[in-house]
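Take a look at the structure set out below.
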Amino acid sequence: MAILPIDSGRYGTKQMKEIFDVRRKLTYQLEIEAAVAHAQSEIGMIPKNAARNISLMTRSGKITVNRVKQLETKSDHDTAALVESLSEICKPSAKPWIHYGLTSTDLVDTSNSLQIHDAISIIESKVAKLALILSQLAIKYKDVPAVGRTHGQHASIISFGLKFANWALEMSKHVERIEEFKKRVLICKTLGVVGTGSLMGSKALEVQRRVAKKLSLFPADVATQIVPRERYAEYVFGMALIGSTLEKIAVEIRNLQRTEIDEVSEPFRKGQMGSSAVPVKRNPVKSERVTSLSKILRSQISVAFENIPLWHERDLSNSANERFILPTSSILIDEMLETMIKILNGLHVNEGRIRQNLGITRGQIFAEFVLDELIKKGVPRFDAYRDIQRVAFASSEDGTDFSDAVKNDSAISSYLTEEEMEKIFIPENHLGSSSQIIKNVHNIVRKSCSKFS
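Numbering follows my numbering, in which position 429 of the sequence shown is assigned residue number 746; successive positions increment by one, without gaps.
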């Protein structure tokens, strides 16, 4: 019976969940056993016939999850059960060389790396795809003037496309971060009980180097019985950081979809219901889902950091929780990426409402530009500031347009011609370098992310 939403199918893609399925984990660990045996035989540490038989049996399909679990009920040790199940079907001449020189965490940690490797390949591709989608939206709306808000208040004019450009660049930076941490996170460790490679002696590092190459991983430079948990903490933190950027996007979409703002709305398919009670509702449920899952994702960070300080060469205080945090972090970020891609691919942008919202303050959103014109005319900044503030507050109380109030105030209008006044109150005149910024971001994103499309 499924208990968690991940298990029930509510969250997580099939492709990602399969990576962390118990059967795939078994496959990864058998692959490691085969790679180690081959590497050892290549340098004459174990007989080649033994390595061939071990490798053949790891791929035979005869070692099943059920059999490993049966053996585990006796040994109370999952890795020992796997090794025993492999030994059951290997030739007598190969049995002594199964798992030779290894300890259980060599399989556990290296299989974790294989899982993370495959998870990253999915995640990185989707991060890049999202960056490209955002970049294209930035280009599409680069010339659309909109309200720029700070502290929840109207502040100045912004290119609507600049919102997407900011998000696009951060997603491309996440691609960079993933590329950078691969060499620190995707670690192959085959150095035995306390990290000395004791049974393999002087050949231990060569075995590990060969195994790492076969598995497309990076060999551990040094380890105890385990890979340092800073590596997993970096991975979990990286996933949570991507999640926080997705949440940032989701929060903005949720705010812009508010009835009072109504500048964007999530896709709403035919037959979808926004509320069980109110037929007219179109709630931003997908963005809210991203926000909700991001909270769980961030909570994994503290556990990952708690796992860094272990006793001596290791203890088991990290083991149980890592069975949760590594799959959970990977599955949740994949779900969030999938959701955000769907949102942005179907996002409705209400350009009419965007322009309408520019007029809510009756021209006061142009105050920055009135101030700038007065400064250019030689008016001291704070004299100009106080005059504009006085006029703005008075026009708010009177319910008059700020532009009319400026024109009728001699302390301001005496410095400005009628033509200069008219130019100030045209939104398109105040997009600054937005167009070039957006084009620059678009080029950066295409350069770093197009190879994943």
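In this text, a Cβ means the ideal position worked out from N, Cα and C, and glycines have one as well.
For residue i: DSSP bridge partner residues
i: Ile504; result: Phe535
i: Ile682; result: According to DSSP, Ile682 bridges with nothing at all.
i: Ile474; result: Val464
i: Val666; result: Val581
Rounded separation between residue i and residue j - CA only
i: Glu580; j: Val461; result: 12 Å
i: Thr562; j: Glu639; result: 24 Å
i: Lys499; j: Glu551; result: 10 Å
i: Val708; j: Asp726; result: 8 Å
i: Lys457; j: Asp718; result: 31 Å
i: Glu736; j: Ala728; result: 17 Å
i: Leu675; j: Ile682; result: 7 Å
i: Leu577; j: Met318; result: Position check: residue 577 holds Glu in this sequence, whereas Leu was assumed. Cα to Cα, Glu577 sits roughly 44 Å from Met318.
i: Arg526; j: Pro322; result: 40 Å
i: His355; j: Ser476; result: 59 Å
i: Ile474; j: His747; result: 6 Å
i: Ser752; j: Lys459; result: 6 Å
i: Glu655; j: Arg670; result: 28 Å
i: Ile754; j: Ala455; result: 10 Å
i: Thr608; j: Arg571; result: 10 Å
i: Gln706; j: Ile741; result: 17 Å
i: Pro409; j: Thr645; result: 41 Å
i: Ile371; j: Lys587; result: 56 Å
i: Ser750; j: Pro744; result: 14 Å
i: Val553; j: Phe641; result: 11 Å
Distance between beta carbons of residue j and residue i, contact taken as under 8 Å
i: Val339; j: Val400; result: Not really, about 17 Å apart at Cβ, beyond 8 Å.
i: Leu643; j: Ser634; result: That belief does not hold up - the Cβ atoms of Leu643 and Ser634 are roughly 16 Å apart, past 8 Å.
i: Ser604; j: Ala567; result: 4 Å
i: Val353; j: Thr507; result: 6 Å
i: Ser611; j: Glu564; result: 4 Å
i: Lys443; j: Ile613; result: Going by Cβ atoms, the distance from Lys443 to Ile613 rounds to 19 Å, so no, they are not a contact pair.
i: Val524; j: Met362; result: 7 Å
i: Gly514; j: Thr420; result: No, Gly514 and Thr420 are not in contact; Cβ-Cβ is about 11 Å, not under 8 Å.
i: Lys520; j: Ile360; result: 6 Å
i: Lys446; j: Ser713; result: Contact flag wrong, Cβ pair sits at about 45 Å.
i: Leu424; j: Thr396; result: 5 Å
i: Ala789; j: Ala722; result: Absent from the model: residue 789. The displayed extent of the chain is 318 to 770, so no value can be given.
i: Leu431; j: Val385; result: In fact, because the Cβ distance is near 17 Å, the residues do not count as touching under 8 Å.
i: Lys724; j: Met738; result: 6 Å
Proximity below 9 Å, CB of residue i to CB of residue j
i: Val560; j: Met653; result: In the sequence as displayed, the identity of residue 560 is Gly instead of Val. Contact flag set, yes.
i: Ser616; j: Met333; result: no
i: Gly555; j: Ile495; result: yes
i: Val293; j: Ala482; result: The structure shown does not extend to residue 293, since the chain is modelled only from 318 through 770, so no value can be given for it.
i: Leu479; j: Leu503; result: no
i: Leu403; j: Leu347; result: yes
i: Asn667; j: Pro584; result: no
i: Ala436; j: Ser489; result: no
i: Leu649; j: Tyr328; result: yes
i: Arg341; j: Glu350; result: no
i: Ala463; j: Glu685; result: no
i: Ile618; j: Asp426; result: no
i: Leu733; j: Lys694; result: yes
i: Ile406; j: Ser377; result: yes
i: Ala621; j: Arg575; result: no
i: Arg631; j: Thr467; result: no
i: Ser582; j: Leu451; result: no
i: Leu522; j: Pro536; result: yes
i: Ala398; j: Met374; result: no
i: Thr330; j: Ile433; result: no
i: Ser720; j: Arg679; result: yes
Residue i in three-state terms, based on DSSP
i: Glu630; result: coil
i: Arg327; result: coil
i: Gln453; result: helix
i: Arg776; result: An answer regarding residue 776 cannot be provided, because it is not within the stretch 318 to 770 covered by the chain.
i: Thr513; result: coil
i: Cys766; result: helix
i: Lys408; result: coil
i: Lys724; result: helix
i: Ser750; result: coil
i: Met318; result: coil
i: Gly378; result: coil
i: Val696; result: coil
i: Ala436; result: helix
i: Leu610; result: helix
i: Leu733; result: coil
i: Phe337; result: coil
i: Met657; result: helix
i: Gln542; result: coil
Heavy atom of the ligand FMN within 8 Å of residue i beta-carbon
i: Val539; result: Ligands are entirely absent from the displayed structure, and the ligand FMN is therefore not among its contents.
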